[in-house]
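Undergrad: Protein chains in written order, with this note's numbering: chain A, 46 to 192; chain B, 84 to 322.
Glycine included, each C-beta is placed from N, C-alpha and C at the ideal position.
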């Protein structure tokens, strides 16, 4: 059985209450540098669009790695679920926006890049992926994915 | 199942979640030391140009309709644990830039005696990189929380900051229901929002869900979502 600290490390990437560890990003970054032969290393995937996405992700991870998240404000994105009406018998009338479509598209492209860079990525790395997307969105003043 | 497919499956599930539900932005603060005040000032100043405050009523409306009625998108400023410096350092900046703070309070930290607060923090995953108070008080007081309660959102982050799923039922009850009792006693009303350590969502553990229901919370925050689990007027004890 996983001990308590192990469980925290495994579960708590960009999470509530448990401060996310930038050490995890360092690990990811080092892993990516070691494993990936992408655009940055001079051996591109023969798809310039994918190479550009991969390179942007690498740069974002490098930027985030040195952060001391316990003493910094960490941007996150949260999906809003209304369980009062999200039941099979009731049709939700919630409005979706272009923000949803843009975020979903960015999420898909970046998660694919993540798997190219880190073929052995753990499922808990998804939290870091969301943090990367949030940091981009915040840095652009919310214009990357309009609400 | 290999790790890569696990990541892919998780990513697919979350991608679908973000595509099919309204999304809101949040920024999570923890130990906001005075040494970092200028950084927080710059960060919140930047956010204030792009985002607007979110109170509980606005969140409830957004959860219910997906419609946001302010010119700028909403930003939930979450302040975790109940550090003294969240009141002294971050709150003035939150107010300076017109945001509403969501203070996620570990009631056991607040209730710990001053000589015990650092020890409590060290034993309950409350980060203490910075030791800036010579008098030893590192937690908010209930008086400070009552002040914050007039303008901001006070919310529950359990009593002891422990993983609920690993607890015996009665201990888990103290964490979920007992913490709500702490708020009733000291604020004069229950709080509406709940999040536990590492943020499991409502629906992941039926025993925890039952306790969340019993305590009367309306919102459950977790790693990737905010869930509205009851209408405000269905909870007669709500604020």
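With 9 angstroms as the C-beta to C-beta threshold (strictly closer), list the residues of the stretch 102 to 125 of chain A near chain B in chain order.
TA: From the stretch 102 to 125 of chain A, only 113, 114, 115, 116, 117, 118, 119, 120, 121, 122, 123, 124 and 125 have a Cβ closer than 9 angstroms to chain B.
Undergrad: Less than 7 angstroms separating the beta-carbons of residue 304/B and residue 223/B?
TA: Reading the second chain from its first residue, position 221 is the one you call residue 304/B. Reading the second chain from its first residue, position 140 is the one you call residue 223/B. No, the Cβ-Cβ distance between residue 304/B and residue 223/B is not below 7 angstroms.
Undergrad: Examine chain A for any beta-carbon lying closer than 7 angstroms to the beta-carbon of residue 106/B, and answer yes or no.
TA: Taking the second chain and counting its residues from 1, one reaches residue 106/B at position 23. By this cut-off, residue 106/B is an interface position.
Undergrad: List the residues of chain B whose Cβ lies closer than 7 angstroms to the Cβ of residue 127/A, in chain order.
TA: Here residue 127/A refers to the residue found at position 82 when the first chain is read from its first residue. Per Cβ cutoff of 7 angstroms: 146, 147 and 311.
Undergrad: Touch check for the stretch 203 to 210 of chain B and the stretch 146 to 156 of chain B: three-plus C-beta pairs under 8 angstroms?
TA: The answer is no - the stretch 146 to 156 of chain B does not touch the stretch 203 to 210 of chain B, with fewer than three Cβ pairs under 8 angstroms.
Undergrad: Let me know the secondary structure DSSP gives residue 302/B once reduced to three states.
TA: Taking the second chain and counting its residues from 1, the one referred to as residue 302/B is at position 219. In the structure shown, residue 302/B sits in a strand (DSSP, three-state: E or B).
Undergrad: Using 8 angstroms as the cut-off, can you tell me whether the stretch 112 to 126 of chain A makes contact with the stretch 160 to 177 of chain A, which would need three or more C-beta pairs spanning the two stretches below that distance?
TA: In short, these stretches touch, since the Cβ pair count reaches three.
Undergrad: Run through the DSSP bridge pairs and tell me what residue 108/B is partnered with.
TA: The count along the second chain starts at 1 and reaches residue 108/B at position 25. Looking at the DSSP assignment, residue 108/B forms a beta bridge with 122/A and 158/B.
Undergrad: With DSSP as the reference, label residue 134/B as helix, strand or coil.
TA: Position 51 of the second chain, counted from the first residue, corresponds to residue 134/B. Three-state DSSP puts residue 134/B in coil, outside helix and strand.
Undergrad: Flag this pair as touching only if the stretch 256 to 264 of chain B and the stretch 219 to 237 of chain B have three or more C-beta atom pairs under 8 angstroms; answer yes or no.
TA: Counting Cβ pairs under 8 angstroms, fewer than three are found: no touch.
Undergrad: Tell me the DSSP secondary structure of residue 101/B in three-state form.
TA: To locate residue 101/B, count along the second chain from 1; it is residue 18. Helix at residue 101/B.
Undergrad: Determine whether the Cβ of residue 139/A lies closer than 7 angstroms to any Cβ atom of chain B.
TA: Within the first chain, numbered from 1, the residue matching residue 139/A stands at position 94. By this cut-off, residue 139/A is an interface position.
Undergrad: Answer yes or no: does any C-beta atom of chain B fall closer than 7 angstroms to that of residue 153/A?
TA: As a first step, residue 153/A is located in the first chain; it is residue number 108 there, counting from the start. For residue 153/A, the answer is yes, since a Cβ of chain B falls inside 7 angstroms of its Cβ.
Undergrad: Name the DSSP bridge partner or partners of residue 310/B?
TA: Start at 1 with the first residue of the second chain, and residue 310/B comes out as number 227. Paired residues: 126/A and 303/B.
Undergrad: Drop a sphere of 10 angstroms on the beta-carbon of residue 79/A, count the other beta-carbons inside from all chains shown, and report buried for 16 or more, exposed for fewer.
TA: Taking the first residue of the first chain as 1, we reach residue 79/A at position 34. Only weak support is given to the placement of residue 79/A: the predicted model assigns it a pLDDT of 42, under 50, and the value that follows is read from those uncertain coordinates. The residue is exposed, with fewer than 16 neighbouring Cβ atoms inside 10 Å.
Undergrad: Starting from the beta carbon of residue 119/B, find every residue of chain A whose beta carbon is closer than 8 angstroms, and list them in chain order.
TA: The residue given as residue 119/B occupies position 36 in the second chain. Within 8 angstroms Cβ-Cβ: 116 and 117.
Undergrad: Check for me: the beta strand (DSSP E) holding residue 238/B runs from which residue to which?
TA: The residue you call residue 238/B lines up with position 155 of the second chain. Here the beta strand (DSSP E) through residue 238/B covers 236 to 239.
Undergrad: Relative to the C-alpha of residue 93/B, which residue among 163/A, 156/A and 187/A is closest?
TA: In the second chain, the residue the question calls residue 93/B occupies position 10. With distances taken between Cα atoms, residue 93/B lies closest to 156/A.
Undergrad: Tell me which residues of the stretch 204 to 221 of chain B have at least one Cβ-Cβ distance to chain A shorter than 8 angstroms, keeping chain order.
TA: Taking 8 angstroms as the Cβ-Cβ cut-off against chain A, the residues of the stretch 204 to 221 of chain B that qualify are 208, 210, 212 and 213.
Undergrad: Report the residue from 143/A, 99/A, 112/A and 170/A whose alpha carbon sits nearest the alpha carbon of residue 105/B.
TA: Stepping through the second chain from its first residue, residue 105/B is reached at position 22. Considering only alpha carbons, the answer is 143/A.
Undergrad: In three-state terms, what does DSSP make of residue 357/B?
TA: Any property of residue 357/B remains undetermined from this structure, which presents chain B solely from 84 to 322.
Undergrad: Roughly how many angstroms lie between the CA atoms of residue 237/B and residue 273/B, to the nearest whole one?
TA: Taking the first residue of the second chain as 1, we reach residue 237/B at position 154. Taking the first residue of the second chain as 1, we reach residue 273/B at position 190. Approximately 9 angstroms between the Cα atoms of the pair.
Undergrad: In angstroms, rounded to a whole number, what distance separates the CA positions of residue 144/B and residue 112/A?
TA: Numbered from its first residue, the second chain carries residue 144/B at position 61. Numbered from its first residue, the first chain carries residue 112/A at position 67. Using only the alpha carbons, I get a separation of about 34 angstroms.
Undergrad: Pull up the distance between the alpha-carbon of residue 165/B and that of residue 291/B, whole angstroms please.
TA: Locating residue 165/B in the second chain gives position 82, counting from the first residue. Locating residue 291/B in the second chain gives position 208, counting from the first residue. The straight-line gap from Cα to Cα measures roughly 23 angstroms.
Undergrad: Tell me, please, whether the CB atom of residue 174/B is closer than 7 angstroms to any CB atom in chain A?
TA: Counting from one through the second chain, the residue named residue 174/B turns up at place 91. Output row for residue 174/B: interface = no.
Undergrad: What are the start and end residues of each continuous beta strand (DSSP E) run of 3 or more residues lying completely inside the stretch 245 to 310 of chain B, in chain order?
TA: Taking only runs of at least 3 residues, the beta strand (DSSP E) segments lying wholly in the stretch 245 to 310 of chain B are 302 to 304.
Undergrad: What would DSSP say about residue 187/B, mapped onto helix, strand or coil?
TA: To locate residue 187/B, count along the second chain from 1; it is residue 104. If DSSP states are grouped into helix, strand and coil, residue 187/B belongs with the strands.
Undergrad: List the endpoints of the continuous alpha helix (DSSP H) containing residue 225/B.
TA: Stepping through the second chain from its first residue, residue 225/B is reached at position 142. It spans 225 to 232 - the alpha helix (DSSP H) in which residue 225/B sits, taken as one unbroken run.
Undergrad: Between the C-alpha atoms of residue 99/A and residue 106/A, what's the straight-line distance to the nearest angstrom?
TA: Within the first chain, numbered from 1, the residue matching residue 99/A stands at position 54. Within the first chain, numbered from 1, the residue matching residue 106/A stands at position 61. Looking at the two C-alpha atoms, the distance is approximately 11 angstroms.
Undergrad: Starting from the C-beta of residue 120/B, find all residues in its chain whose C-beta is less than 6 angstroms away, skip the five residues before and the five after it, and write them out in chain order.
TA: Here residue 120/B is taken as the residue at index 37 of the second chain, counted from 1. So the qualifying residues of the chain are 172.
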